[in-house]
Structure formats: C-alpha cells, structure tokens
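Engineer: Quick one: the structure is below, questions incoming.
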Amino acid sequence: MQVPNKLTPFFENLNFERDDNTMVINFGPQHPSAHGQLRLVLELDGEQVVKAYPDIGYLHRGIEKMAENMTYNEFLPTTDRLDYIASTSNNYAYALAVEKLLDIEAPRRAQAIRTMLLELNRIISHLFFIATHALDVGAMSVFLYAFREREFAMDLMEDYCGARLTHSAVRIGGVPLDLPANWLENLAAFCDKVDYEVEHTYEALLTENRIWKMRLEDVGVISAEDALSWGCSGPMLRGSGVKWDIRKEEPYELYSELDFDIPVSDRCDSYGRYRLYMEEMRQSTRILRQLIPMYKETEPQLMAHAPQYISAPKEEIMTQNYALMQHFVLVTQGMRPPRGEVYVPTESPKGELGFYIKSEGDPYAYRLKCRAPSFFHTGLLQKLLVGTYLADVVTIIGTTNIVFGEVDR
Amino acid sequence: MAQHQVNYASSAGLPIALTSVDKLVNWGRSNSLWPLTYGLACCAIEMMASGASRYDFDRMGTIFRASPRQADVMILAGTLSKKHSEFARRLYDQMTEPKWVISMGSCANTGGMFNTYATVQGVDRIIPVDIYLPGCAPRPETLQYAMMMLQKKIRRESADMKKNTKQDLTTQAGKRARLI
Amino acid sequence: MRKYVPKDNVQKKAYYTDRFHVVPRVPREKVIDTHFEATVFNLGEYVKDSYVEIGQLVVHIDANDNFAVLKILKEQCGYTQCSEQSAVDYLAKDGEFELFWQMLNVNEAKRVRVVCRLKEGLAIESVEPLFKSANFAEREMFDMFGIKVNNHPFLKRILMPDDWEGHPLLKTYPLFGDEFASWYEVDKIFGKEYRDIIGPENRDPGKIDIEDTKRFSRVGYEVPFGTEYNADEEVEVAYSETALVNYNKKTSKQLDERR
C-alpha cells in the first residue's frame, strides 16, 4: 500500500483481481448515478453482485452536533439541509417535535399552510425522484419533462418564502407569512398541470414502456418482513405491501380531516414503487385541492400564542412593552422547553422522518437525533444488491430514493 | 470575440480573420467549458436544475461530463466534508490541463453554516479556486453568471497555462514545492 | 483570571440563567392504554419503570436485558420495526450513557421507547439478529459515541473516516473539532509538512482580512490576483460595473453639518 499523504495518487488496498474469480469494484463517491456521495464497494462474480458494502459519511456535516450548540430557533434553518430536495418536510418535522415538547399547537391557518407546503414538497420530491430515476435507467427525456414541472412547483415555493431550495418556510409554533395574493389560483393551476403531466407524460412515456418494464420489473425485490426488519418506511414499505402511512395512522396537522387514499403495491419491486410514486403525486394534488377551501375558512392568526416560548407578532412587539421584553429574552437567550424527551415521526416524501429531542431545560437541546428514512434505506442496499446484476445496481439505488443530506447528516 | 469578427463586405470579401493564437485558443477554451458533475450536497440540485429544462446550460456550450478526464471545469457544488476531501483533490489531479474550479455555494467557499468538525472550511485549502459563487444554495442564474465570469477570465488569460498565476496553496510559490 | 470552562462538557451553555428558574418537566402519565398495559405485562420483570410520555410508552430496563426485551416486543407484542436507536451522553453527570430503542408496531400504530443506562466502558448486546436496521444504527452509535456492541457482524466506523480520532457526539468533543480534526485533510492529502504553508482553519465567519488579495477582494478596490496590498494606492475598478458610493465622503445630503 502506498503512503497516502503525498500528492501521488492513492489507491486503497482493494484487490481487484482475486483467486476466487470474483472482482471488487468501487462505485463512487463521485458517481453521477450515486445520488450524491454514496460509495459502494461491490464484489462481483461475473456480472452478479456477491457482496455489497455501502460506505457512507462523505456528506457528514455534524448537524446533530450543531443542534447541541444552537438554540431551538437557530437550528431550524439547518434542517433545510437534511433532505434538501423537500426542505419544508424537515423544517416541519423539527418544528412539530419542538411543539410537542412545548405542548403548543399551531393555529388553524398555519396548519393549512403547512399541510399545503408539505404536499407541495412531496410533489417536488417525487418529481425529482422520477427525473433522476428515469435518467439513471436511461430515459433522458423524462428528466427534462419532470424538471420542467418541478420548476413550476419551485416558483410556488419561491412566491411563498422567497427561496427555491432551502425554504425554512415553517417556524416553531406556526408559519412566518400568510400566502401571497393569487397563490391559491396558481396552486390550483399547478395541480391541474401535475395531474395532466403525470398521466399524459410520465405514465404515457414509462408505464407501458418495454425497456422501462424490463429494467424495473422484478428488480430490487424486498419482502414485507424484510422491509420492516431493515427499518424501511414510506414508499419502500408500502411498495412491499404494508399499508403504513403516518399521515393516516398517526395524523398530524389537517390530515385527519382530509380525504385521501394510501396507495399500496404488493409487487415488492422497483416497478411497483414507481407506480406508487405516481399515484402519490395524484393523491397529493387531491389533498391540495381540498385544502384550498379549507384555508379560506380559517382565521388569520399565523403563530401560536405561547409568550413563554414564542415571540408575539411584530405589531405587538413594536407597541407593547411586555411583548418586547419577552421577544428580547427569546432572541438573546432562546426558548427553554421543559425537561423531557420526545420522538415525533412524520411522513416525509422519503419515509418516516422523525426527530428525537432530549431536553434538559436549557436553551440548547441536550441531544437531537434525526431519524432519517434514507439512512436505513442505504443500509438496506447491502441486502438488496446481493444477487442482482451490475446493470441493476443503478436502478436499485434510484428506486430507494436516497438523499445524502439526511443519510450522513 | 466580437472584435475579431470580420466584416466581409469591408475587408474586400476575403474569408480571413486575423487574430493572435492566444485569443483563438482562449476563444475555443472559453466557449466549450465542460464541467465535471461534482454534486456534493444541496447545491448539486441547483446545478442539476441549471442543466435541465428551464435554465438549459447546454446552450452555453456547457455539457456535464461524468469523468474528470473529459472535463475542464470542476464545479464543486456543496459541502466538502473532511472524509471526502482527499477524493476531491484526487479528482482535481485527474483533470487534464487547462482546468478551472468553481466553488459553488457558501459551504464550498468557507464552510458556510457548517462550522463543525467534519467540514472543510473552504475548498481553497486543498484546491485552487477560480470563481467563488456565493449563496446557500445559489440560484441557477448565479451559476450561469459564474460560468460567464469564468469565460471572461479565460479570455483574459494567456493560452500558455504556465504563465497564468494560479491561486497557489503555497505562500511563496517559487521556494516551496509546486502543488498545482 | 481565565474563565473556568468545564472539561467534561464543552458544548454551548446558556450565558445567563435566572437563579429562581425552575425547569418544568414534560408530564409523565400512568400507563392506562390497554395495548401499552399488555406490553408492560408481557415484559414482566424486565421493566424497571414505565410511563407514557407524549403519547409513547417509555420502558426503562437493565442494560443486560436489551436483547431479551426487544425479542419479547417483537415476537409477542407485534413491534416489528426498530425505527431508531441511539444514545445520549450523560458521562459528565452520571458517568453513563443512556441508550434508547424506538420501536414501532405497524398493526396497532403504537410506539414504544425502550431506555437503558449503560456504564462507561461497557458494551451492549447487538439486536441485529432481531432487527436488521440495527446494523447501521449500531455502527453509527459506535462511531459517534464509542459504545462497543457485542456480536455485531461488522462494527466499524460509518460516518467518520476509518482513521478518525475521537467520537464526535461525546460532550467532551468540541463542535469545531480537536487538533486532529482541524488538520485532518491537510495531513491526509499533503502531509504534515504542509501545515505551515496552508495555515490553520479560519473558524471566524466574520473575519475580513483586508490584506488578503487572494480570496476575497475589497469591493471597489479590486486588484489583480495576488498582488501586494497597498492601502494608499488608488486602483482602477476592474470588475464591478455598478458605480460604488463612498459613504465617507461628504455630500450635500448630509443633514447634520456639525459632524
């Protein structure tokens, strides 16, 4: 082995050719279809994968450590960078966990806006999934079409919060802003657009496409028992026939009042999961359409009233002395939640995104653990890839829909 | 290169364009910048978006390449962690001259909001950077602007890459071993 | 005198806490839910303490019983998924770690958190044979806290590089990293002798080095790359296309003449 600390190229101690006729190949961490910084070490017997070893941590940024050194409100923008494809779902999961700890509830208008943003983010994430998955499998045009629609969704997010990718659109205790003018009309138009495109572009291009079916059918098969054991959640679990959606089973926000279906596929393969993603986009637009009249019936209050933890609205801070004092303390010292621990799961586009927060009554969390769905889906790769062919590896990485911001944190 | 376009009507109709070799070479280099798809984190999504439908990088002659050996520009998009840093340097070394680096986003510029144990505090600690691109995450327009700035920069450079001052990691480039 | 900083917990602390501030506790309710009651009954003697906190059953157990408890939960109570497992560092206070397993029952939509305390230096039994998700989760716990796991198939660092020193999520580990971490990439790529050349990390996000003409130039006073800094010299604006306003110059708009 070479001395690795000079500018000479450094090769790890991998035996490329071995006596037992297997070959070890290294995949990533810079690989266009590795969805970020996944590194896979694959042992191949001919074309077949004998052993797969996912090596992660190339995007480890110490987010959990940062949480221990930041006040609760300070940390919220950092959660954007976990699952950066659907930022609001992380903001929301974190805000919900803190709210549960504080025992406060967001006002109804904030709940309606949050639910809309969550579903919009689900569509953004699923569009991104179909774009990259299709690109990896070889359908380049779907990538271009899906990104076209995704840009419209990004426009909506930009209209609301001003950011395209890192939204921070949710605050602890509510949302910072009301919806801008004409946003709901644009949203309704966008829903129609997505429904049309899902049916007439993506499904028309892919569902009955012979190549697509050959590449996806019976690839990445995982049984329901294994999926549960490996900690799968979200579409990975529903794709194996387990009807489990946290929006339905442990409802938060307005999901208990909404009428939507949970698509389940018992094919257990990549093709079934692809169909699931398509159906979930339809359900998301269905939810968004129901939310538009629900939003209109709500009162205009946006932040919960809890002066001990949450600053009063700006008008009150500027006019009332006590509100200003509270605001000053909350900004300089940060809120102090009660002592206790909480684990709150939410259904992010990728699966179960939960935040475990251990509070010791300080303005800084004693421990924050982010339960990221992609982390466990990456762990699943070491089982899923074994026995498949090398060409299917990319399909399987695509179908797990992993995002390395939340895998490595 | 507008000043080198020949008005055929006034130059007696001769299909001749006169220019210096430097400018011709730089014209070629600057108008077909092929970046390496080096998406690391959030900025990679914006980099993909700039390559996709609405922002359409291809019209600028910018075609993403997956291999460092075919690329001219390394767009370092996202947080570079310490675990990844040696690979970044290795990919940079694998690129053929002439090569340029765009550091995209706050994390790549300075470490950004990730002021932690695991993040490289600025990729210029290990790789010479030509363009720093601010933002978290920068919009696709910003990336396009950065590419245009880089084109501008390349046109001002000498075609002989040895004459160009690269941002050297050494303080006194002559005395120490040359890294680049 | 230098301010005293405790060595066993170097994380950020509140700069001011009222002397009379009493920290309330999240209410711990008694177990009344029938499903949770049945779960606690099934676990029997293993349970040291049990209560319901924010809708989830919390069961305190002994560190030696974790495998047996999770086995009962899986086989008798229907908790077929271990959705999360990790640790909390209480070394400074109690000299032990708090470990937790977050269990999910998909059929009943119930969640149980199994909690145990583990003394420093002791190892915990792996639950990987029961729940495969523990494979990565336990490796992460080992990486972040240094907690050894017995009978794990492949206990190795997962997030940090293999040659990393220290366990980042310990309270004794500073946020900016220790000496080893701050030079890691330089040592790895160039070698230790390049430390002087490259220099230490800049951890101050507000730092402006006005003499640095290599990284960020002063707006309006751009100089060619790498030239020597000269404060007196007027330099032509090379890149900026917008007219820059000099706010130090007196203009007719200045309201207070006495300044």
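Chains as they are written, first to last, in our numbering: chain D, 87 to 495; chain Y, 7 to 186; chain L, 22 to 280.
Backbone N, C-alpha and C fix where the C-beta goes; we use that ideal spot for every residue, glycine too.
If you measure between the beta carbons of D:Asp-448 and L:Ala-35, is that distance less than 8 angstroms?
Structural biologist: Contact flag set, yes.
Engineer: Give, in chain order, every residue of the segment 176–210 of chain L whose Cβ lies closer than 9 angstroms to some Cβ of chain Y.
Structural biologist: Residues Leu-180, Met-181, Pro-182, Trp-185, Gly-187, Pro-189, Tyr-194, Pro-195, Leu-196, Phe-197, Gly-198, Asp-199, Ala-202, Ser-203, Tyr-205, Glu-206, Val-207, Lys-209, Ile-210.
Engineer: Opposite L:Glu-119 in the DSSP bridges: which residues?
Structural biologist: L:Glu-119 pairs with L:Val-109, L:Arg-138.
Engineer: Could you check if Y:Tyr-61 is buried or exposed, using at least 16 other CB atoms within 10 Å of its CB as the buried criterion?
Structural biologist: Per the 10 Å Cβ criterion, buried.
Engineer: DSSP has Y:Ala-83 in a bridge; who is on the other side?
Structural biologist: Per DSSP, Y:Gly-45, Y:Met-110.
Engineer: Short of 6 angstroms in beta carbon distance, which residues of its chain neighbour D:Ala-181, apart from the five on each side in sequence? Order them along the chain.
Structural biologist: For D:Ala-181, where only same-chain residues beyond five positions count, the Cβ hits under 6 angstroms are Val-256, Ile-258.
Engineer: Between the Cα of D:Leu-470 and the Cα atoms of D:Thr-418, D:Lys-382, D:Ile-332, D:Ile-308, which residue gives the shortest distance?
Structural biologist: It is D:Ile-308.
Engineer: Roughly how many whole angstroms lie between the Cα atoms of D:Met-152 and L:Pro-189?
Structural biologist: Straight-line Cα distance between these residues: approximately 11 angstroms.
Engineer: Kindly identify the DSSP beta-bridge partner or partners of D:Lys-137.
Structural biologist: Answer by DSSP bridge pairing, in chain order: D:Glu-129.
Engineer: Residues in its own chain within less than 6 angstroms of D:Asp-131 by CB, not counting five upstream and five downstream?
Structural biologist: Excluding sequence neighbours, D:Asp-131 sits near Thr-108.
Engineer: Excluding the five sequence neighbours on either side, which residues of its own chain have a C-beta within less than 7 angstroms of the C-beta of L:Glu-119, listed in chain order?
Structural biologist: Around L:Glu-119: Ala-108, Val-109, Tyr-111, Val-136, Arg-138.
Engineer: If we cut at 8 angstroms on Cβ distances, does D:Arg-250 have a partner in chain Y?
Structural biologist: So, interface residue.
Engineer: Which runs of the beta strand (DSSP E) at least 3 residues long sit entirely within the segment 175–220 of chain D? Give them in chain order.
Structural biologist: Runs found: none.
Engineer: So that I know if they touch, is there some Cβ in chain D lying closer than 8 angstroms to that of Y:Glu-147?
Structural biologist: No, its Cβ sits nowhere closer than 8 angstroms to a Cβ of chain D.
Engineer: Which residues in chain D have a C-beta closer than 9 angstroms to the C-beta of L:Cys-98? List them in chain order.
Structural biologist: Those within 9 angstroms of L:Cys-98 in chain D number zero; the least Cβ separation is about 14 angstroms.
Engineer: Please list, in chain order, the chain D residues whose beta carbon lies closer than 7 angstroms to that of L:Cys-137.
Structural biologist: The premise fails here: L:Cys-137 is roughly 14 angstroms from chain D at the closest Cβ pair, so nothing lies under 7 angstroms.
Engineer: Around the Cβ of D:Tyr-282, are there at least 16 other Cβ atoms within 10 angstroms (buried) or fewer (exposed)?
Structural biologist: That one is exposed.
Engineer: So which residues of chain Y does L:Arg-5 contact, with C-beta pairs closer than 9 angstroms?
Structural biologist: The structure shown does not extend to residue 5 of chain L, since chain L spans only 22 to 280, so no value can be given for it.
Engineer: Check for me: the beta strand (DSSP E) holding D:Thr-432 runs from which residue to which?
Structural biologist: It spans 426–434 - the beta strand (DSSP E) in which D:Thr-432 sits, taken as one unbroken run.
Engineer: Which bits of chain Y does D:Lys-151 rub up against, with CB to CB less than 9 angstroms?
Structural biologist: Residues of chain Y passing the Cβ test: Thr-122, Tyr-123, Ala-124.
Engineer: Check for me: the alpha helix (DSSP H) holding D:Val-493 runs from which residue to which?
Structural biologist: Counting along the chain, the alpha helix (DSSP H) containing D:Val-493 begins and ends at 490–494.
Engineer: In chain order, what residues of the same chain lie with their CB nearer than 7 angstroms to the CB of L:Phe-88, ignoring the 5 residues before and after it?
Structural biologist: Excluding residues within five positions, the ones whose Cβ falls inside 7 angstroms are Glu-146, Val-148.
Engineer: Within 8 angstroms (strictly less), CB to CB, does L:Ile-75 reach chain Y?
Structural biologist: Closer than 8 angstroms: no.
Engineer: Is it a yes or a no for the segment 105–123 of chain Y touching the segment 78–85 of chain Y, going by three-plus beta-carbon pairs under 8 angstroms?
Structural biologist: Yes, the segment 105–123 of chain Y touches the segment 78–85 of chain Y.
Engineer: So with CB distances below 9 angstroms, who are the chain Y contacts of L:Ile-53?
Structural biologist: Under the 9 angstroms cutoff, chain Y gives no residues; its nearest Cβ is about 43 angstroms from L:Ile-53.
Engineer: With a threshold of 8 angstroms on Cβ separation, who are the neighbours of L:Arg-178 within its own chain once the five nearest residues in sequence on each side are excluded?
Structural biologist: Arg-160, Phe-163, Asp-164, Trp-185, listed in sequence order.
Engineer: Kindly give me the distance between the Cβ atoms of Y:Cys-48 and D:Arg-194, rounded to whole angstroms, as I take these residues to be in contact under 8 angstroms.
Structural biologist: With a Cβ gap of about 32 angstroms, Y:Cys-48 and D:Arg-194 do not count as contacting.
Engineer: Taking the alpha carbon of Y:Ser-59 as the point to measure from, which residue in D:Thr-486, D:Phe-461, D:Glu-235 has its own alpha carbon closest?
Structural biologist: Checked all of D:Thr-486, D:Phe-461, D:Glu-235; the closest Cα to Y:Ser-59 is D:Glu-235.
Engineer: With 7 angstroms as the C-beta to C-beta threshold (strictly closer), list the residues of the segment 106–122 of chain L near chain D in chain order.
Structural biologist: Cβ contacts with chain D: Ser-107, Val-109.
Engineer: Put Y:Cys-142 into one of helix, strand or coil per three-state DSSP.
Structural biologist: In this structure, Y:Cys-142 counts as coil in the three-state DSSP scheme.
Engineer: Answer with yes or no whether the minimum CB distance from L:Ser-71 to chain D is below 8 angstroms.
Structural biologist: With 8 angstroms as the cut-off, L:Ser-71 does not count as an interface residue toward chain D.
Engineer: Check whether the Cβ atoms of D:Glu-205 and D:Leu-374 sit closer than 8 angstroms, and answer yes or no.
Structural biologist: Contact: yes.
Engineer: Taking the alpha carbon of L:Val-43 as the reference point, which residue from D:Cys-354, D:Asp-478, D:Pro-423 has its own alpha carbon closest?
Structural biologist: The shortest Cα separation from L:Val-43 among D:Cys-354, D:Asp-478, D:Pro-423 belongs to D:Pro-423.
Engineer: Could you name the residues of chain D that Y:Ile-69 contacts, counting a contact when the two beta carbons are closer than 8 angstroms?
Structural biologist: Correct list: empty, because the minimum Cβ distance to chain D is about 13 angstroms.
Engineer: Sorted by chain position, which residues of the same chain lie with C-beta nearer than 7 angstroms to L:Gly-99's C-beta, five sequence neighbours on each side aside?
Structural biologist: Only Asn-126, Asn-128, Glu-129 meet the Cβ criterion.
Engineer: What are the partner residues of D:Asn-112, as DSSP defines its beta bridges?
Structural biologist: Looking at the DSSP assignment, D:Asn-112 forms a beta bridge with D:Val-127.
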